[in-house]
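To start, the structure itself, in C-alpha cells.
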Amino acid sequence: MTYVAGIDIGNATTETALGKIQDGRLLRCTSGITKTTGIKGTKDNLYGMINSLKEACADMDIPLSSLDLIRINEATPVIGDFAMETITQTVITESAMIGHNPDTPGGLGLGIGYTVFLEDLPAADKQKPHIVIISEEHDFITAAREVNLAIEDGYSIKGLIVQNDDGVLICNRLSETLPIVDEVSLIDKVPVDYLCAVEVARPGASIDFLTNPYGIATAFSLSSAETKHVIHIAKALIGNRSAVVIKTPSGSIHERIIPAGEIIIDGQRQQYRVNVDDGAQKIMDQVKRAGSIRDVHGSSGTNVGGMLESVRKKMAQVTDTPEDSIFIQDLMAVDTLVPQNVIGSLANEFYMEKSVGIAAMVKTQKLHMQHLAALLEETVGCPTEIGGVEGDMAVLGTLTTPGSGTPILVVDIGAGSTDSCYLHSDGRKKTIHLAGAGNMVTELIQAELGLSSREEAEAIKKYPLARAESLFHLRHEDGSVEFFKEPLHSDFFAKLLSIQPDGYLPINTRHSLEKVRSVRREIKRKVLVNNVLRALLKVSATGTLHEFEHVVLVGGSSLDFELPNMLTDVLAYYGITSGKGNIRGCMGPRNAVASGLLYAFLQKEEAFDRKSSPQPDGAAKAQKGGGHE
Numbered sequence: 030m031t032y033v034a035g036i037d038i039g040n041a042t043t044e045t046a047l048g049k050i051q052d053g054r055l056l057r058c059t060s061g062i063t064k065t066t067g068i069k070g071t072k073d074n075l076y077g078m079i080n081s082l083k084e085a086c087a088d089m090d091i092p093l094s095s096l097d098l099i100r101i102n103e104a105t106p107v108i109g110d111f112a113m114e115t116i117t118q119t120v121i122t123e124s125a126m127i128g129h130n131p132d133t134p135g136g137l138g139l140g141i142g143y144t145v146f147l148e149d150l151p152a153a154d155k156q157k158p159h160i161v162i163i164s165e166e167h168d169f170i171t172a173a174r175e176v177n178l179a180i181e182d183g184y185s186i187k188g189l190i191v192q193n194d195d196g197v198l199i200c201n202r203l204s205e206t207l208p209i210v211d212e213v214s215l216i217d218k219v220p221v222d223y224l225c226a227v228e229v230a231r232p233g234a235s236i237d238f239l240t241n242p243y244g245i246a247t248a249f250s251l252s253s254a255e256t257k258h259v260i261h262i263a264k265a266l267i268g269n270r271s272a273v274v275i276k277t278p279s280g281s282i283h284e285r286i287i288p289a290g291e292i293i294i295d296g297q298r299q300q301y302r303v304n305v306d307d308g309a310q311k312i313m314d315q316v317k318r319a320g321s322i323r324d325v326h327g328s329s330g331t332n333v334g335g336m337l338e339s340v341r342k343k344m345a346q347v348t349d350t351p352e353d354s355i356f357i358q359d360l361m362a363v364d365t366l367v368p369q370n371v372i373g374s375l376a377n378e379f380y381m382e383k384s385v386g387i388a389a390m391v392k393t394q395k396l397h398m399q400h401l402a403a404l405l406e407e408t409v410g411c412p413t414e415i416g417g418v419e420g421d422m423a424v425l426g427t428l429t430t431p432g433s434g435t436p437i438l439v440v441d442i443g444a445g446s447t448d449s450c451y452l453h454s455d456g457r458k459k460t461i462h463l464a465g466a467g468n469m470v471t472e473l474i475q476a477e478l479g480l481s482s483r484e485e486a487e488a489i490k491k492y493p494l495a496r497a498e499s500l501f502h503l504r505h506e507d508g509s510v511e512f513f514k515e516p517l518h519s520d521f522f523a524k525l526l527s528i529q530p531d532g533y534l535p536i537n538t539r540h541s542l543e544k545v546r547s548v549r550r551e552i553k554r555k556v557l558v559n560n561v562l563r564a565l566l567k568v569s570a571t572g573t574l575h576e577f578e579h580v581v582l583v584g585g586s587s588l589d590f591e592l593p594n595m596l597t598d599v600l601a602y603y604g605i606t607s608g609k610g611n612i613r614g615c616m617g618p619r620n621a622v623a624s625g626l627l628y629a630f631l632q633k634e635e636a637f638d639r640k641s642s643p644q645p646d647g648a649a650k651a652q653k654g655g656g657h658e
C-alpha cells in the first residue's frame, strides 16, 4: 500500500489531495484545505502544508508517518501585491467647509448667516442673520429654549450647527423650522462671525443648492474666478442629505497633483513607458504591447515607483534573495473612485477621487521551492519533491471533471494571481500567469465603498446581499422578498446584510443595496472577467477568442456566486463553453492542482489507466491530456 500526497500552495489556501494506491491503482482519495501561512513560496508555508496534510490524513485514517511521498507545486511565479494610487488630491484650507452627512440631521431647508456660538448670541448684532453654533456643553433642552428665546427677542436665526447628536431633538422643540447639522466633532474649529450656508434636505433626498457651484457663488457673492474653484466643494457634497459651507476671507482651495509617476515596462525587445495618471486603459495597452515582460519599474520619487519597489523589497526579504533577482512579470491596472479625506475640513468628511488600482506579480527563483520541499521532508520525515508547474497540474486535475475534454483551457483564479494553461489535443501546452485576482477585487470593493473592515469587503464579494426592511422580512438584491415567522435580531433592522451559509453579516455602510451591488459587479467585470479574456488572448495562437471550445474555471475565486454566470454571458458570444470545474467529480472547482500532482505521479509510474481512479471517466480524460512529467 502506497500513500502519495499532492500539495497546492496558494496565495490564500493550501490544499492537499491524498491518494491510497495499491498495485498501481488509486483506491481512495481524500483532501485537506487550510489557510496559507506566510507569503506563497516561502518557508512560512510549512505550517499550512502540515495542517492541510493532517486534515487529509485524518480523513484517510492514517498518521503522517504513513506517507510515502509528498509532491508540491512549483509555486514561485505567482506571488502578487496590490496598491491604490490616487491621481489627484483636493486640499481645502482655512476651514472652508463642513461637508457633513450625519445620519439624522434636523429640520429642513437652506439657511445663510454669520456664525456665532450660542453663549455669545446675546452680544451679537440683531441686524445680521445668524447661524448658531451649539457645543456639547449645551443639552438639547437648553439649546432649544435659548434659540426660541432669541427668536422671540428679534434675532434672525437661519440655522444651527450642533456638536452632539441632537439635531432632531432640538428641531422638535423649536418655534420655527430651521436646518440643523449635528454630529460636528471639531466644533471648536468652526470660524466665528463668517458667512455660512447650512442646507438640510428632506428624508430620502439629497441637498441641491450647495452641490451647485453657482448656488455656492450665489450664497457667498463669488466672482467668476472664485466660482471656478468651488467645484471641488460642490463635488465633495454630492449625495449628502446635509452640509455646511463657510466662507473665510483667507480660505482657499488648492488642487495638488500628486506625482503618481511613470511605469517603465521592459519587454523582450524594447522599453515601454506610461504615466499612471493616463489611466488604467493606457497602462494595460502598454502591457499588451510589451508582450512577454522581463521586468517593471516605476519612476523614482513617485507613488507607483515606491509601490513597485516595496513589492520587490518585500519579496527579497521573505525569500532571502537579492533585489536584483526579483522580477515583476505582469501588471493589472483598474480605474476606480475612492473616498479621500478632505484636508482642512471640520467633520472628517471625504469626497470621491479618481484612482488607479495596480496589482503586480513577482517571479522569484525556483531554488526557494526546493528549500521548502527539503524543510517539509525534514519535518514530516517523508520524501518530498517538486511535482510540476502549477498551470500544468491544474489542467491534469481539471480533466477529471465529468464532461471535460481536450482541447481545453483551464483558468485558475486564485487570491493573488490568475493562471491559465491551454492544452491542445496533441498534448502541447501553453501556460501563463497574470497579476490580479480575488484579493484585488476585495481591495477595490473596500476602497470604493469606503469600508473600514476587510471582512465586510470579502463578504460583499463572496455572497449575495439583502436589506432588512423590517424584523420579519428581507428584500434580496434580485428583488425577491423573504418572510420569517420569528423576528430577526434587532441589530439587523434597516441594515444591509451579507447572506452567508451560516447566517447574516451586517455591512456598516450608508450606500444603498443597488449601489453596493453595482460596485461589486463592475469591479468583478474589470478585474476577473477582463483577466480571463486577457488570459485567453495570451494563449491564443491566432490572437482571437474563436479558437477555444472549452474554458473551465478552477480555484477559490471560481466559487464566487455570480462570476461563472458573468463569464458564461461574455464567452457565449464567442461560442465558448465555460463553467466551473468539478474536480474528481466531487470537489467542485477546488483541489485541481493538488489532484493534478497526484495523478501526474500515477502517470509517471505508468499506473494511470481507466480503472485507476474512483471517477473513471474523468481519469481517462486526464490520461488523454497527458501530464507534465
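Residue numbering for the sequence shown follows this note's numbering, beginning at 30 and increasing consecutively. We put the CB at the ideal spot given by N, CA and C, even for glycine. Remember, predicted model here, so these are calculated numbers, not experimental data.
In chain order, D295, F356 and I357 place their CB closer than 7 Å to the CB of D324, counting only its own chain and leaving out the 5 sequence neighbours on each side. Taken atom to atom, the span from the alpha-carbon of I141 to that of F238 is near 12 Å.
With contact defined as three or more Cβ pairs closer than 8 Å, the segment 177-193 and the segment 155-162 are in contact.
Taking C-beta atoms as the reference points, V440 and A564 count as a pair closer than 8 Å.
Of the other Cβ atoms in all chains shown, fewer than 16 fall within 10 Å of the Cβ of Y602; this residue is therefore exposed.
Residues P242, I245, A246, L251 and I282 of the same chain have their beta carbon placed closer than 8 Å to that of V259, with the five preceding and five following residues left out of the count. Around the Cβ of A486, a 10 Å sphere holds 16 or more other Cβ atoms; the residue is buried. With 16 or more other Cβ atoms inside 10 Å of its own Cβ, E472 counts as buried.
Contact between the segment 36-49 and the segment 78-91 is established, with three or more Cβ pairs separated by less than 8 Å. Between the alpha carbons of A230 and T240 lies a gap of roughly 12 Å. For E543 against L366, the beta-carbon gap comes to about 16 Å, at or over 8 Å, which does not count as contact. Of the candidates I387, D97 and V197, the residue whose Cα lies closest to the Cα of G335 is I387. Counted as a single uninterrupted DSSP element, the beta strand (DSSP E) harbouring C450 occupies residues S446 to L452.
For R323, the enclosing beta strand (DSSP E) begins and ends at I322 to G327. Counting of Cβ neighbours within 10 angstroms places A523 among the exposed residues, the total staying below 16. Taking C-beta atoms as the reference points, P134 and V210 count as a pair closer than 8 Å.
For H258, the enclosing alpha helix (DSSP H) starts and ends at S253 to H258. For T206, same chain residues with a beta-carbon under 8 Å away, outside a window of 5 residues either side, are G136, L137, G138 and C200 in chain order.
The count of Cβ pairs closer than 8 Å, one atom from the segment 44-63 and one from the segment 619-627, reaches three, so the stretches are in contact.
Distance from the Cα of N468 is smallest, within the candidate group E228, R298 and L557, for L557. S482 and Q475 have their C-alpha atoms some 7 Å from each other. The residue from L178, C86, Q315 and V391 with its alpha-carbon nearest to that of S339 is V391. The straight-line gap separating the alpha-carbon atoms of K459 and S446 is approximately 17 Å. Counting only runs of 3+ residues, the beta strand (DSSP E) found wholly inside the segment 191-233 occupies 224-229, in chain order. When Cβ pairs closer than 8 Å are counted between the two stretches, the segment 571-582 is seen not to touch the segment 523-537, the count staying below three. Taking the Cα of G233 as reference, the smallest distance to any Cα among R539, L588, I68 and H579 is reached at R539. Only buried fits A85, as 16 or more other CB atoms lie within 10 angstroms of its CB. Per the coordinates, the alpha-carbon of L480 lies some 16 Å from the alpha-carbon of S384. With fewer than 16 other beta carbons inside 10 angstroms of its own, F590 counts as exposed. With contacts defined by Cβ atoms closer than 8 Å, L582 and S607 form a contacting pair.
In terms of CA proximity to V145, D217 leads the group H397, N102, R550 and D217. Take the alpha-carbon of P593 and the one of Q399: they are about 35 Å apart. Counted as a single uninterrupted DSSP element, the beta strand (DSSP E) harbouring R504 occupies residues H502 to H505. Between N102 and M422, the beta carbon gap of about 6 Å places them in contact (Cβ cut-off 8 Å). Of all alpha-carbon atoms in L428, E515 and I170, the one lying nearest the alpha-carbon of N611 is that of L428. Here DSSP, grouped into helix, strand and coil, assigns R457 to coil.
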